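To start, the structure itself, in structure tokens.
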Amino acid sequence: MPAAASALRPAGRLVYCLCAEWCGVCREWRARFDALAAAHPQDRFVWVDVDAQEAVLDILDIETFPVLLIAQDGEPLFCGPVQPTAAVAGRLLQGLQRPAAADPVAQQLLDLLQAR
Numbered sequence: 014m015p016a017a018a019s020a021l022r023p024a025g026r027l028v029y030c031l032c033a034e035w036c037g038v039c040r041e042w043r044a045r046f047d048a049l050a051a052a053h054p055q056d057r058f059v060w061v062d063v064d065a066q067e068a069v070l071d072i073l074d075i076e077t078f079p080v081l082l083i084a085q086d087g088e089p090l091f092c093g094p095v096q097p098t099a100a101v102a103g104r105l106l107q108g109l110q111r112p113a114a115a116d117p118v119a120q121q122l123l124d125l126l127q128a129r
């Protein structure tokens, strides 16, 4: 799975972007996602083509793209669709706090992606 940023694992969050190569919105979002990664060097950003990672679709029913899965210390902090703008995703990253309750679907998806 190619990383949008450095191949090194920083101590910060993992930010997975679940998209599809056939999706025009995803193709346009890719450059903004890469710019977001450059603006947050403490985090690791990973682009996931869901068609190449079909097991993702067994776990998560994706109705719209892009979907972000953000995790820290092996715990999902956010999993859901986002508006494909750097401003929206940037505000999400800035304001993200640990969730009050665990999301089992997000945890299963995180475990799958980290195992690859």
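Okay, so the sequence shown: first residue is 14 according to the numbering used here, each after it adds one.
Idealized CB from N, CA, C, for every residue including glycine.
In this text the structure is predicted, and so the values were computed from the model without any measurement.
Reduced DSSP secondary structure (H/G/I, E/B, other) of residue i
| i | result |
| --- | --- |
| GLN121 | helix |
| GLN96 | coil |
| LEU109 | coil |
| ILE83 | strand |
| LEU126 | helix |
Chain-order list of residues whose beta-carbon lies under 8 Å from that of residue i (same chain, five-residue window excluded)
| i | result |
| --- | --- |
| PRO79 | CYS30, LEU31, CYS32, VAL38, CYS39, TRP42, PHE46, PRO94, VAL95 and PRO97 |
| LEU105 | LEU81, ILE83, PHE91 and VAL95 |
| ALA115 | GLU88 and PRO89 |
| TRP35 | ASP64 |
CB contact below 7 Å: residue i versus chain D
| i | result |
| --- | --- |
| CYS39 | This model lacks chain D altogether, as it is built from one protein chain only. |
6 Å CB neighbourhood of residue i in its chain, flanking five on each side removed
| i | result |
| --- | --- |
| LEU21 | Legend: pLDDT at LEU21 = 47, less than 50; position of this residue unreliable, value from coordinates given subsequently. Result list for LEU21: empty, nothing under 6 Å. |
Proximity test, residue i beta-carbon vs the ligand MG heavy atom, cut-off 6 Å
| i | result |
| --- | --- |
| ALA44 | No copy of the ligand MG occurs in the structure displayed, which carries no ligand at all. |
Worksheet item: Does the segment 66-76 touch the segment 37-48, meaning 3 or more C-beta pairs lie closer than 8 Å?
Response: no
Discussion item. So within the segment 14-70, which uninterrupted beta strand (DSSP E) runs reach at least 3 residues, ignoring any that extend past its ends?
Written reply: 27-32 and 57-62
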